[in-house]
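Residue numbers (the UniProt record's numbering): 1 to 229.
Every residue gets a Cβ at the ideal spot worked out from N, C-alpha and C, and that includes glycine.
What follows is a set of notes on a single structure, which appears directly below.
And the structure:
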């Protein structure tokens, strides 16, 4: 069936920032816009995809596999925030991409295993709770075990396209605790993952390269320990 331009854009919502922070009288930022890439429209959605993508400074669409893929496995990307609850992800796909049917990907269906779905939902709740704590510079009860668990949850939930964020958060928090070797390890890993997710010139990659070059000289080294006295 023919689709309107609006329907096509909503089904493939790629957001770009033109870098012109012009503000309307209503106070809304008009620098961000939605763009569409016709060739990319054939790439299927998966809430736990095998490829990450970004739009470079020339507005070119860049996609790179984020994990090992099997021979003949179809490349997939996520058209929505993978941190959204499963119910919201399924509803979005049903409305914009599923022709009236909810998301059929493994993360949303788990081969009809309700028990597996419940475990996945519980992991996501735990992950988001830990993430909020780890990203709060005022948190005083962070432990190495919490950081380890945070990374493990990303891996268990197959959030390969967001590992750059996870590794960066881990690197900072390990360094807050004075764990410089772990901080160095995850800063390096954040650089590698960040290049896949945002390109070599992204701010996150540059910041992690700086940190990895001298973790003990970085502002984050023993930050929490110093605050606790």
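Three-way DSSP call (helix, strand, coil) for residue i in this model
i, result
"residue 156", "helix"
"residue 148", "helix"
"residue 65", "strand"
"residue 223", "helix"
"residue 1", "With a pLDDT of 47 at residue 1, under the threshold of 50, the predicted position of this residue should be treated as unreliable, and no value is reported."
"residue 40", "helix"
"residue 75", "coil"
Nearest candidate by alpha-carbon position, reference residue i, set the options
i, options, result
"residue 193", "85, 41, 204", "204"
"residue 75", "53, 103, 136, 129", "53"
"residue 17", "10, 34, 4", "34"
"residue 159", "39, 43, 84", "84"
"residue 149", "166, 162, 140", "166"
"residue 163", "67, 96, 144", "67"
"residue 207", "216, 6, 187, 100", "187"
"residue 14", "69, 78, 65", "78"
"residue 214", "184, 65, 199, 102", "184"
"residue 4", "44, 116, 96, 111", "96"
"residue 157", "125, 212, 181, 182", "125"
"residue 227", "140, 145, 197, 195", "140"
"residue 234", "42, 182, 65", "Here the chain has residues from 1 to 229 only, and residue 234 is not among them."
"residue 41", "70, 69, 10", "10"
N-terminal and C-terminal residue of the alpha helix (DSSP H) that residue i is part of
i, result
"residue 114", "114-134"
"residue 210", "203-213"
"residue 187", "180-198"
"residue 169", "163-176"
"residue 143", "No alpha helix (DSSP H) contains residue 143, which DSSP labels as neither H nor E."
"residue 15", "That residue, residue 15, is in no alpha helix (DSSP H); its beta strand (DSSP E) goes 14-17."
"residue 94", "86-96"
"residue 108", "106-109"
8 Å Cβ cutoff met for residue i and residue j
i, j, result
"residue 176", "residue 151", "no"
"residue 219", "residue 178", "no"
"residue 173", "residue 147", "yes"
"residue 86", "residue 108", "yes"
"residue 277", "residue 168", "Within the shown structure, residues of the chain are numbered from 1 to 229, placing residue 277 beyond reach of any answer."
"residue 102", "residue 94", "yes"
"residue 90", "residue 199", "no"
"residue 216", "residue 180", "yes"
"residue 123", "residue 153", "yes"
N-terminal and C-terminal residue of the beta strand (DSSP E) that residue i is part of
i, result
"residue 52", "51-55"
Chain D contact for residue i (CB, 8 Å cutoff)
i, result
"residue 34", "Of the protein chains in the structure, only one exists, and it is not chain D."
Is the stretch 40-57 touching the stretch 133-146, taking contact as three or more C-beta pairs under 8 Å? no
Below 8 Å, can you find three or more Cβ-Cβ pairs linking the stretch 65-85 to the stretch 42-53? yes
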